[in-house]
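Here is the structure we will look at.
In the working numbering, the protein residues as written are 4 to 388.
Spelled out as structure tokens, the structure:
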């Protein structure tokens with residue numbers, strides 16, 4: 004289903020699986036100032052700051068698209084010194100809601116299409132939607148996102164304002180769009196075959212369930228690719244075409260998963276964490292019929308965005324996964340080895356990290372969350388010399 008949208012956005016809050024600590028004043032810096040970080044193998048340069056940014060992506064010419072939770076989609080100059088607001092989307096910003104992911108279409112250079120996700124509200128409840136628009140940047144200073152249309156809506160819409168997820172990734176061949184739907188803090192929908200909640204979905208670029216999805220013949224919603232997930236806030240393909248996903252566990256048990264078609268990842272029947280009220284959840288165990296995480300964290304890191312590095316600026320990290328940490332205020336590196344993974348580094352960033360992206364030159368960009376003591380800065384990481 005698609006429709007044009009022209010409504011103002013609202014303030015959004017954040018998702019995390021543990022309480023953050025106050026911001027570290029020593030981490031503050033002026034735009035453009037490079038800071039050599041003691042004990043870190045990179046230099047941090049502040050590029051810009053934003054009002055609760057959620058996601059970013061690079062255009063082929065080095066400019067950036069940045070989403071802010073209140074609903075603003077921004078076009079930002081490569082040096083961060085100027086920006087244009089392309090659109091204000093009709094987000095429901097209560098709780099963990101807001102404007103979420105932004106990803107370019109595989110054929111962006113021709114189609115100028117941009118894909119977005121956000122939380123929406125209706126009389127029947129709330130849920131995450133997938134949308135797209137066309138970037139009109141023919142006039143400098145007059146750039147707009149036009150022809151905005153909703154392509155897909157999570158089902159069902161439910162009460163509450165948490166665990167929307169809403170991450171987007173295109174398959175390496177560009178034929179399919181993978182879209183994450185969180186279980187909305189309702190637990191059981193993650194195992195419900197008719198719901199898209201608590202699932203990884205495989206869609207066509209037009210937002211329709213992809214033909215040949217592995218569980219449709221078993222009575223599942225035809226878009227479902229995998230299920231038994233909680234709050235999926237990162238999804239990315241590696242160079243070999245493996246699909247990786249990270250999600251917040253409950254009280255403990257944050258996960259990095261290798262996503263395989265038709266597999267059940269267990270939540271809420273199994274988890275390496277427990278419920279917040281103290282009620283235990285059985286741990287993953289061999290032979291339990293559920294797909295176990297490749298890496299998990301207790302204490303939690305509260306994982307935000309996920310990026311798999313493919314650049315040359317940090318050759319020692321090529322092929323590794325990078326995860327933003329919210330309550331942990333960290334940048335987390337995971338060593339990937341084919342379909343296996345192990346924990347690598349965890350660097351204290353002094354602020355909640357929502358997003359991690361690779362720039363065209365191989366530098367690494369992080370977005371601070373901009374909430375609960377965090378500023379909302381965009382920071383470029385380059386090798387320490």
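Glycine residues also receive a C-beta, built at the ideal position from the N, C-alpha and C atoms. Since the structure is predicted, the reported quantities are computational estimates derived from the model, not experimental observations.
- Residue 47 and residue 385 have their C-alpha atoms spaced approximately 7 Å apart.
- Membership of residue 205 in any alpha helix (DSSP H) is not indicated; the residue belongs instead to the beta strand (DSSP E) covering 202–206.
- Contact between residue 203 and residue 167 does not hold, since their C-beta atoms are separated by about 14 Å, which reaches or exceeds 8 Å.
- Taking 8 Å as the cut-off, the beta carbon of residue 71 is found closer than this to the beta carbon of residue 56.
- In the displayed model, residue 212 falls within a strand according to three-state DSSP.
- Apart from the 5 residues on each side of it in sequence, residue 284 sits with its Cβ closer than 6 Å to the Cβ of 274, 277 in its chain, given in chain order.
- In the three-state reduction of the DSSP assignment, residue 332 falls in the coil class, being assigned neither a helical nor a strand state.
- By the C-beta density criterion, residue 279 is exposed, having fewer than 16 other C-beta atoms within 10 angstroms.
- A buried status is given to residue 249, since no fewer than 16 other beta-carbon atoms sit within 10 Å of its beta-carbon.
- Under the DSSP assignment, residue 229 falls in the beta strand (DSSP E) whose first and last residues are 227–230.
- Excluding sequence positions up to five before and after residue 320, its CB lies within less than 8 Å of the CB of 312, 336, all in the same chain and listed in chain order.
- Residue 107 has its alpha-carbon roughly 28 Å from the corresponding atom of residue 193.
- The three-state reading of DSSP puts residue 140 in coil, since its state is none of H, G, I, E or B.
- Bridge partners of residue 129 according to DSSP: 124, 161.
- For the pair residue 147 and residue 287, the Cα-to-Cα distance works out to about 48 Å.
- Under the 8 Å Cβ criterion, the region 200–218 does not count as touching the region 288–296, having fewer than three qualifying pairs.
- Just so you know, the alpha carbons of residue 377 and residue 69 end up roughly 17 Å apart.
- Note on geometry: alpha-carbon atoms of residue 252 and residue 304 lie some 10 Å from one another.
- About 6 Å separates the beta carbons of residue 332 and residue 354, which is inside the 8 Å limit, making them a contact pair.
- Annotation: the region 51–112 contains the following complete segments of the beta strand (DSSP E) (minimum length 3 residues), in chain order: 56–61, 67–71, 75–79, 86–91, 102–107.
- Secondary structure of residue 192 (DSSP, three-state): helix.
- A distance below 8 Å separates the beta carbons of residue 74 and residue 91.
- Secondary structure note for residue 246: its beta strand (DSSP E) is the uninterrupted segment 246–251.
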